[in-house]
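Residues in the sequence shown are numbered from 177 upward in steps of one, following my numbering. Idealized CB from N, CA, C, for every residue including glycine. Here the structure comes first, spelled out in structure tokens, and everything after it is commentary.
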Amino acid sequence: MSEYKNRFTVLSLFKSVRSTMLFLFSLLIVMTMVIFLLISVNYTKRTVLENSTDYTYRLVRQVNRDIDSYINYMENISSMVIQGGDVQKYLFMEMPKEDKEEAYNRIITQFNTVVETREDISNIAVVTPERNYIINDGKDTLNENVDLQDVEWYEKALEGEKSILTFSHVQHVIRNNYKWVVTLSKGIKNPATGKNGGVFFIDLNYKLLKDLCENNSLATNSYLFIMDESGRIIYHPKQQLLYNGLMEERTDEVLGCSSGYFVTQEDGDGKLYTISVSEKTGWRVVGVADISELMRNRKDTEYIYMLTAAVLLCIAMILATFFATAITRPIKELKESMKEVEKGNFHTDVPIRSDSEIDSLGNSFNLMTARIRQLMQQNIYEQEEKRKSEMKALRSQINPHFLYNTLDSIIWMAEGGKNKEVVRMTSALAKLLRQSISNDNERIPLEKEINYAGSYLTIQKMRYKDKLEYEIEVEEEIKKEEVINLILQPLVENAIYHGIKYKGSKGLIRIVGYGEGDRIILKIIDNGIGMDEETLERIFDKSKESEGKNGVGVYNVQTRIRLYYGAEYGLRFESVPEEGTTVTITIPRIGAGNEVPG
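Here you go:
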């Protein structure tokens, strides 16, 4: 229940279904675009990282292969020197001085050839524990301050069968020749003993390693370095910083890595370490790439993604607006038709275009308005018939009332022996009755209604003799206007019985009529006893208490006028006690044969 209420609250924030649909469409589109951007950016980053990892791995593996080829070449040189025979003869055999010098010269020539043709070789030498040696061109000597037994690589080569490859170090065995080198050494067997009696070594400078690593650099802040299987750095572009403790490398992580690469989180996006291990030397060639450089085109890619997403968003919003408008158009048309119905216009229909649910609703609305129009027409007809019945009932109410009063006057005069007056009054009454009975129309000319009231006043004047006078002043231009019948006589009768009858002196009743715009104004003015405010307030009251004071005539006329012409028309009373009363009748000018307004 609460979930439904929440949904209703969200949807009720918008004033139209179209706005709601646009909001939901927009929310869905934006969410889709955000997800698309996140997936695209992450996919791009992952793809770039995978491609970079693959490229870097192939690069370091190639460097490793080149180093292996180089070491193989150096080992071949060492084998060639050792197995040539001159070195063993010079170091271990007794021979004439001339032969020994000849062997020495051949060794020097061979060493010079190797050094001169290879710029990456710093030193080449053979050394025995007894400090019998040949170094480079024969001019270099051993460092007298170094004990060969304390030199690790020398001892390993002297005791082993395989070539020994050192990490980078300062060569201090040769006097005044302190260079950063990597030493390749191998033991020299003494033919007499069958054991190693000396060591052949070649000092490799950084030139080759530096060229191999720098020529294959990935980017500006990326580099390659080489370390041995124990974690000691063989080559590093920032070797001095490492030895001075100003920089550290992740040697432990490199040694422990089994996947071939790992990523560190440092300096922004971090670094990518890619590792290739040599099966021959055990060396690890490590490529270090700055991920921010690998991703240097990511911002351009993200910008393209953002631009693409913005264009797609605009297109999607345009389409969403178009479809939302198309979907809600029938609802809007139905809403406009409902507004017209609220204003009272039931002659409006909703256009039907298809068999959709909304169009079915519009079709039901059309059927409803058609049925309402039918019921309204039926109701109008029934109300018209009811009004006619009520008018006839009210008119039939007046006639007996008037007849009763007139007959009462005739009886009064007959009792007084006034036979001539009785005859005249009876004749006048018969004339009035004929006029009343013969007229079945609701509307009659105003002139006829005035004559009817005049005949009634004539009868009443005969009855009251010198106590009643009357005057009729009606403009000729309105006498042809049609009015409902019997609106003057009941009011004249009310003026006589409730105003003139109780006046001590002669009374005067005036009937005044004139036109005022699209209205007819009729006034019945008497100078009778008048009415107080309380009586005026109850003048239209039909209660039994008020019937004796006002009679049914006033209520009857007021009701018939409003039923026929409308609520804005009717009677208005003005009265001053002991001075008289004025009744004003306001009705529309409709002319002969015209329809009643409203």
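Taking every protein chain shown into account, the CB of tyrosine 731 has 16 or more other CB atoms within 10 angstroms, so this residue is buried. Looking at the DSSP output, threonine 762 sits in a beta bridge with Ile697, Gly746. One alpha carbon belongs to threonine 524, the other to methionine 552, and they sit about 15 Å apart. Rounded to whole angstroms, the Cβ separation of glutamate 623 and lysine 656 is 7 Å, and the two are in contact under 8 Å.
If you compare the alpha carbons of Tyr640, Thr317, Leu609, Asp230 with that of tyrosine 628, the shortest gap goes to Leu609. Beta bridge pairing from DSSP links aspartate 313 with no other residue.
Apart from the 5 residues on each side of it in sequence, leucine 204 has no Cβ closer than 6 Å to any other Cβ in its chain. Pairwise C-beta distances place the region 594-602 out of contact with the region 646-654, as fewer than three of them are shorter than 8 Å.
Check the Cα spacing between valine 303 and each of Leu431, Ile548, Phe268: the tightest is with Phe268. Between alanine 496 and leucine 198, the C-beta spacing is below 8 Å. Rounded to whole angstroms, the Cβ separation of arginine 460 and methionine 403 is 5 Å, and the two are in contact under 8 Å.
CA-to-CA, the gap between serine 585 and phenylalanine 716 works out to about 27 Å. The DSSP assignment places 356-365, 372-380, 399-403, 409-411 as complete runs of the beta strand (DSSP E) inside the region 345-431, in order along the chain (cut-off: 3 residues).
According to DSSP, residue pairing for leucine 684 in a beta bridge involves Glu645.
Under a 10 Å Cβ-count criterion, methionine 601 is classified as buried, with 16 or more other Cβ atoms of the shown protein chains found around its own Cβ. At the C-beta level, proline 527 and glutamate 509 come within 8 Å of one another. Between the region 321-335 and the region 266-284 there are fewer than three inter-stretch CB-CB distances shorter than 8 Å, so the stretches are not counted as touching.
No Cβ-Cβ contact shorter than 8 Å links isoleucine 663 with valine 759. If the five residues before and after serine 216 are omitted, its C-beta is found closer than 8 Å to the C-beta atoms of Tyr481, all from its own chain and listed in chain order.
Per DSSP, the unbroken alpha helix (DSSP H) holding valine 291 starts and ends at 273-293. Just so you know, the alpha carbons of serine 245 and aspartate 230 end up roughly 23 Å apart.
Of the residues Arg237, Ile467, Ile700, the one whose Cα lies closest to the Cα of threonine 440 is Ile467. Within the same chain, Ile685, Ile700, Asp702, Gly704, Thr757, Val759 come within 8 Å of alanine 671 by CB-CB distance, once the 5 residues on both sides are set aside. About 4 Å separates the Cβ atoms of glycine 458 and glutamate 405, confirming a contact at the 8 Å cut-off. The region 417-428 and the region 340-355 do not touch, with fewer than three beta-carbon pairs separated by less than 8 Å. Within the region 205-284, complete alpha helix (DSSP H) segments of at least 4 residues are found at 262-268, given in chain order. With contact defined as three or more Cβ pairs closer than 8 Å, the region 293-310 and the region 371-389 are in contact. In the three-state DSSP reduction, serine 339 falls in the coil class, being neither helix nor strand. By the CB criterion at 8 Å, valine 357 and asparagine 372 fall outside the cutoff.
Counting only runs of 4+ residues, the alpha helix (DSSP H) found wholly inside the region 455-504 occupies 467-470, in chain order.
Residue state for threonine 735 is assigned as helix, using DSSP reduced to three classes. Nearest Cα to valine 453 within the set Ile766, Val688, Ile243: Ile243.
Each residue's CA atom was taken as its position, placing asparagine 240 and asparagine 281 some 37 Å apart.
Taking each of Tyr741, Ile494, Tyr580, Asn539 in turn and checking the Cα distance to glutamate 618, the smallest one comes out for Tyr741.
In this chain, the alpha helix (DSSP H) harbouring valine 668 covers 665-671. Pairing tyrosine 690 with isoleucine 654 gives a Cβ-Cβ distance under 8 Å.
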